[in-house]
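Asker:
Number of protein chains: 2
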Amino acid sequence: MNLASLPTPSLVLDKQVLERNIRRMADILAARGVPLRPHMKTAKSIEVAHLALQGQPGGITVSTLAEAAYFARHGIGDILYAVAITPEKLDAVARLNAAGARVMVITDDADTASAIAAHPSPPRVLIEIDSGEARSGVDPRGDELLAIAERLGPQVAGVMTHAGHSYGARSEAALAAVAETERRAVVSAAERLRAAGHATPIVSMGSSPTAVHGGDFTGVTEVRAGVYMFGDLFQAEIGTHGMDDIAMTVLTSVIGRRPGRLIVDAGGLALSKDRSTEAAPRDYGFGLVLDLAGRPAFGDAIVRRAYQEHGVVELDPAHPLDLPVGAKLRIAPNHTCMTAAAHDRYHVTEGGEEVVAVWDRVNGW
Amino acid sequence: MNLASLPTPSLVLDKQVLERNIRRMADILAARGVPLRPHMKTAKSIEVAHLALQGQPGGITVSTLAEAAYFARHGIGDILYAVAITPEKLDAVARLNAAGARVMVITDDADTASAIAAHPSPPRVLIEIDSGEARSGVDPRGDELLAIAERLGPQVAGVMTHAGHSYGARSEAALAAVAETERRAVVSAAERLRAAGHATPIVSMGSSPTAVHGGDFTGVTEVRAGVYMFGDLFQAEIGTHGMDDIAMTVLTSVIGRRPGRLIVDAGGLALSKDRSTEAAPRDYGFGLVLDLAGRPAFGDAIVRRAYQEHGVVELDPAHPLDLPVGAKLRIAPNHTCMTAAAHDRYHVTEGGEEVVAVWDRVNGW
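Heads up: the protein sequence lines correspond to chains A and B, in order.
Take 1084 as the starting number for the first sequence in the numbering used here and just add one per residue.
Take 1084 as the starting number for the second sequence in the numbering used here and just add one per residue.
#1: CB-CB under 6 Å to I1129/B, same chain, minus the five flanking residues each way: which ones, in chain order?
#2: Cα separation between D1383/A and L1371/A?
#3: Return the first residue and the last residue of the alpha helix (DSSP H) that V1131/B is part of.
#4: Among H1281/B, A1114/B, D1161/B, whose alpha-carbon lies nearest the alpha-carbon of G1298/B?
#5: Beta carbon of S1219/B, beta carbon of H1393/A: below 8 Å?
#6: One question on the structure: do G1350/B and E1397/B come within less than 8 Å of each other, judged by their Cβ atoms?
#7: Give the C-beta separation of V1303/A and V1286/A to the nearest angstrom, bearing in mind that I take them to be a contact with Cβ-Cβ under 8 Å.
#8: From which residue to which residue does the beta strand (DSSP E) around Y1429/B run?
#9: Verify whether the separation of the beta carbon atoms of R1413/A and H1426/A is less than 8 Å.
#10: What runs of the alpha helix (DSSP H), each 4 residues or longer, lie entirely inside the region 1116-1175 of chain B?
#11: Determine the DSSP secondary structure at E1263/A, reduced to helix, strand or coil.
#12: Which residue's Cα is closest to the Cα of L1354/A: M1084/A, V1095/A, R1340/A, A1109/A?
#13: Grab me the residues of V1235/B's own chain with a C-beta within less than 7 Å of its C-beta, minus the 5 sequence neighbours each way, in chain order.
#14: Between L1179/A and the rest of its own chain, which residues show a CB-CB distance below 7 Å, the 5 nearest in sequence each way excluded?
#15: Whole angstroms are fine: how far does the CA of H1430/A sit from the CA of L1406/A?
#16: In or out: S1254/B buried (at least 16 other Cβ within 10 Å) or exposed?
#17: Give a yes or no on whether the minimum CB-CB distance between K1356/B and chain A is below 8 Å.
#18: Does the pairing of the region 1276-1283 of chain A with the region 1307-1319 of chain A give three or more beta-carbon distances under 8 Å?
#19: Report back the beta-carbon spacing between M1123/B and I1189/B to the nearest angstrom; my notes put them in contact at under 8 Å.
#20: Could you compute how far the alpha carbon of A1308/B sits from the alpha carbon of G1289/B?
#21: Let me confirm a value: E1216/A is counted as buried when at least 16 other C-beta atoms fall within 10 Å, else exposed. Which label applies?
#22: Please list the partners that T1169/A has in chain B, where partner means a Cβ-to-Cβ separation under 7 Å.
#23: What's the gap between the Cα of G1462/A and the Cα of R1120/A?
#24: Which of the three DSSP states is assigned to I1329/A in this structure?
#25: Give the residues of chain B in contact with D1348/A, contact being defined as C-beta atoms less than 7 Å apart.
#26: Which residues in chain A have a C-beta closer than 8 Å to the C-beta of W1442/B? List them in chain order.
#27: Applying the 10 Å Cβ sphere with the 16-neighbour rule, what's the burial state of H1133/B?
#28: Going by DSSP in three states, R1277/A sits in which element: helix, strand or coil?
#29: What residues from chain B crowd round D1315/A, counting only those whose CB sits closer than 8 Å?
#30: According to the Cβ coordinates, are V1333/B and M1084/B closer than 8 Å?
#31: Tell me whether the beta-carbon of G1339/B lies closer than 8 Å to the beta-carbon of D1192/A.
#32: In chain order, which continuous runs of the beta strand (DSSP E) of length 3 or greater are located wholly inside the region 1329-1389 of chain A?
#33: I1210/A lies in the alpha helix (DSSP H); which residues open and close that run?
#34: List, in order along the chain, the chain B residues whose C-beta lies closer than 7 Å to that of V1395/A?
#35: DSSP three-state label for G1225/A, please.
#36: Helix or strand or just coil, what does DSSP make of V1438/B?
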């Protein structure tokens, strides 16, 4: 099947770019001597997980219990569920582990730590550290870290942090600084736990930007990153990768044409309403329009308005486009995790327009 | 089952509020003497469609071919697919119609009109009119209207318009003015077509705000509206309904707590990244936090940051909240169409916390 004959909107995944992105991240981290626990929250696909795990220890990160169940069912047992657990969700984790998986959870809450310790089949736990994002996690220097470990007892498997504020950094130097802050936070927390008698084998940090820009991973046992596999306009803007490294795009059809603009059948649902690039050097609206081959052939042809099913593309005056209704285009996303989540499958290409495979995704919770 | 024992995040639909919203819209339009062709793009549910069709002629509006196929399969034949058709999609429409449905399509493009007329099984067509939104549609006064009708010949079933710019109006008077402009555009287009010899039985307009605020529907044969069924914070802000009329909410769990804020497991995927209320009188961030019973009990407790799976709730200093991890809350959405689309089912309540039914949704394309 050719992309030109696919229904629209559809997700397209260029396997060549995907594999190049995966290889580049693996090379970067291998040079730094730290393995990868790929975060599957972006791809949510077993085929992508197999590619991302090549040369890695074999563990993955997930963001939902639905992902954990899906990947466990497909044979991946070493899973870090990296969104803070609630006591109510422990039974679901225990069921996966009873069936053979080894799902670890995270917490930054002392009462939850007690609930975990009291559970008949408690999972292993990473204590979440705040390395500056101010979203979740305990202060690596505070008393709470030790109090939580005390309550968890033998369930403590390590510490983890996510420097999500790396997304606010706008230079390589700033990103490297965030990465170093992230490393120090999580490594110092691990050292404090060890001094208190907790083995703390796992010291986990990561985000795609700090994985790429971190210079030193001393004391870190694994890096988590996910969006690097597919890339997007925002990551290109902050320098995680180049504009040629966006592996996932949305195939769309022209459904209307007006002076200076096109209407396409990829709107807020097919693209998401994410506006990450609003604060980036270049604002790509809801996405950048590419040709059917995935090339940025139309200058700044940008989806400036997104209704539920309609996208309004403002054309670049330097690249007037006279396309008929039904013409196919592709759109590079602002934020690939959000865009992918509206779709239940990938149409996989290998650089060209031929669809060589269809890979499913595990959406929802 | 009780809401308190549901996995989170989940969609909750209060059937009492839903039925009240449906009844109110039906009463408003009955008083104006115009029937409703409910737009199912918000609910995407057969059970909701049956409720919305009570006392109405029986036709619905949809925004995707997946919806058309789903509703046809569930016995609703009279379907308006209200996103501009492409020639490539005509075969899918023809298959549905060959199986017994009566799917109508819309176009504003002369070449597409020719493709429709040349199709072996052409559907009936409404010509899309631009009533001021400047998204799609032909000028009701221009030559293109007649040219398209000429090409469609006997397939012309009428005209339709969508005054999406009603969402920019901020007073009842402004909304009423948009509704009257919408009416005049589509009625005048119908009159021109009739004068040119096209029967033009259907004159279709609508959006929830103009349906509620339109004073006169003379010449209009049907009104399309969808979001009124569920309501949302944005519609409440522009006066389509009250704050008590939001039928659909997201059930979430507290997964972290910090001074002045809570972290919940409803983030950008469960809520959508829609920021409709950014331009409204009150900015609700990514949603307003309610108690488990769905009451606005916490003042301005608002989801101010939305990561993929994390929502960060800034608490109202006048309503300090000390909730444990695992506590359940509900979140009223900015834009119900976008929020619902991340979920595959509704957990239906009748005002209380008991789940009386589970209704599915047809997502995707």
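Note that beta-carbon positions come from the ideal geometry of N, C-alpha and C, so glycine has one too.
Answerer: To lay it out plainly:
#1: The residue given as residue 1129/B occupies position 46 in the second sequence. So the qualifying residues of the chain are H1157.
#2: Taking the first residue of the first sequence as 1, we reach residue 1383/A at position 300. Taking the first residue of the first sequence as 1, we reach residue 1371/A at position 288. Cα-Cα distance, rounded: 7 Å.
#3: Here the question's residue 1131/B lines up with position 48 in the second sequence. Segment 1129-1135, the alpha helix (DSSP H) holding V1131/B.
#4: Within the second sequence, residue 1298/B is the residue found at index 215, counting from 1. The shortest C-alpha separation from G1298/B is found at A1114/B.
#5: As a first step, residue 1219/B is located in the second sequence; it is residue number 136 there, counting from the start. As a first step, residue 1393/A is located in the first sequence; it is residue number 310 there, counting from the start. Taking 8 Å as the Cβ cut-off, S1219/B and H1393/A qualify as a contacting pair.
#6: In the second sequence, counting from the first residue as 1, residue 1350/B sits at position 267. In the second sequence, counting from the first residue as 1, residue 1397/B sits at position 314. Their beta carbons are not under 8 Å apart, which means G1350/B does not touch E1397/B by this criterion.
#7: Within the first sequence, the letter at position 220 stands for residue 1303/A. Within the first sequence, the letter at position 203 stands for residue 1286/A. The Cβ separation is near 5 Å, so the contact holds.
#8: Against the second sequence, residue 1429/B aligns to sequence position 346. Y1429/B -> beta strand (DSSP E) spans 1428-1432.
#9: Within the first sequence, the letter at position 330 stands for residue 1413/A. Within the first sequence, the letter at position 343 stands for residue 1426/A. No, the pair does not count as a contact, with Cβ atoms beyond the cut-off.
#10: 1129-1135, 1148-1156
#11: Taking the first sequence and counting its residues from 1, the one referred to as residue 1263/A is at position 180. Three-state result, E1263/A: helix.
#12: By one-based count along the first sequence, residue 1354/A stands at place 271. Answer by Cα proximity: V1095/A.
#13: Within the second sequence, the letter at position 152 stands for residue 1235/B. Residue identity check: residue 1235/B is Leu in the sequence provided, not Val. The answer, listed in chain order, is A1196, I1199, A1200, V1208.
#14: Start at 1 with the first residue of the first sequence, and residue 1179/A comes out as number 96. Correct list, in chain order: A1151, A1152, A1155, V1186.
#15: To locate residue 1406/A, count along the first sequence from 1; it is residue 323. To locate residue 1430/A, count along the first sequence from 1; it is residue 347. Those two C-alpha atoms are separated by around 24 Å.
#16: Within the second sequence, numbered from 1, the residue matching residue 1254/B stands at position 171. By the neighbour-count rule (16 or more Cβ atoms within 10 Å), S1254/B is not buried but exposed.
#17: Locating residue 1356/B in the second sequence gives position 273, counting from the first residue. Yes, because at least one Cβ of chain A sits closer than 8 Å to the Cβ of K1356/B.
#18: no
#19: The residue you call residue 1123/B lines up with position 40 of the second sequence. The residue you call residue 1189/B lines up with position 106 of the second sequence. No, M1123/B and I1189/B are not in contact; Cβ-Cβ is about 16 Å, not under 8 Å.
#20: Translated into the one-based positions of the second sequence, residue 1308/B becomes position 225. Translated into the one-based positions of the second sequence, residue 1289/B becomes position 206. Going from the Cα of A1308/B to the Cα of G1289/B covers about 6 Å.
#21: For this step, residue 1216/A is matched to residue 133 along the first sequence. The residue is buried, with at least 16 neighbouring Cβ atoms inside 10 Å.
#22: Position 86 of the first sequence, counting from 1, holds the residue named residue 1169/A. Chain B residues near T1169/A: S1336, I1338, V1408, G1409.
#23: Any answer about residue 1462/A is impossible in this case: the structure gives chain A only from 1084 up to 1448.
#24: Taking the first residue of the first sequence as position 1, residue 1329/A is located at position 246. It is coil, neither helix nor strand.
#25: Indexing the first sequence from 1 puts residue 1348/A at position 265. By Cβ distance, chain B contributes V1166.
#26: Translated into the one-based positions of the second sequence, residue 1442/B becomes position 359. Here the premise fails: no neighbours, minimum Cβ distance about 15 Å.
#27: In the second sequence, counting from the first residue as 1, residue 1133/B sits at position 50. With fewer than 16 other Cβ atoms within 10 Å, it is exposed.
#28: On the first sequence, residue 1277/A is found 194 positions in, with the first residue counted as 1. Three-state result, R1277/A: helix.
#29: On the first sequence, residue 1315/A is found 232 positions in, with the first residue counted as 1. Residues of chain B passing the Cβ test: none, with the nearest at roughly 13 Å.
#30: The residue given as residue 1333/B occupies position 250 in the second sequence. The residue given as residue 1084/B occupies position 1 in the second sequence. It is not a contact, given that the beta carbons lie outside the stated cut-off.
#31: Within the second sequence, numbered from 1, the residue matching residue 1339/B stands at position 256. Within the first sequence, numbered from 1, the residue matching residue 1192/A stands at position 109. For G1339/B and D1192/A, yes; Cβs fall inside 8 Å.
#32: 1331-1341, 1344-1347, 1371-1373, 1385-1389
#33: Taking the first sequence and counting its residues from 1, the one referred to as residue 1210/A is at position 127. Per DSSP, I1210/A belongs to no alpha helix (DSSP H); it is in the beta strand (DSSP E), 1208-1212.
#34: Here residue 1395/A is taken as the residue at index 312 of the first sequence, counted from 1. Ordered by position in chain B, the residues that pass the 7 Å Cβ test against V1395/A are R1218.
#35: Mapped onto the first sequence, residue 1225/A falls at position 142. If DSSP states are grouped into helix, strand and coil, G1225/A belongs with coil.
#36: As a position in the second sequence, residue 1438/B is number 355, starting the count at 1. Correct three-state label for V1438/B: coil.
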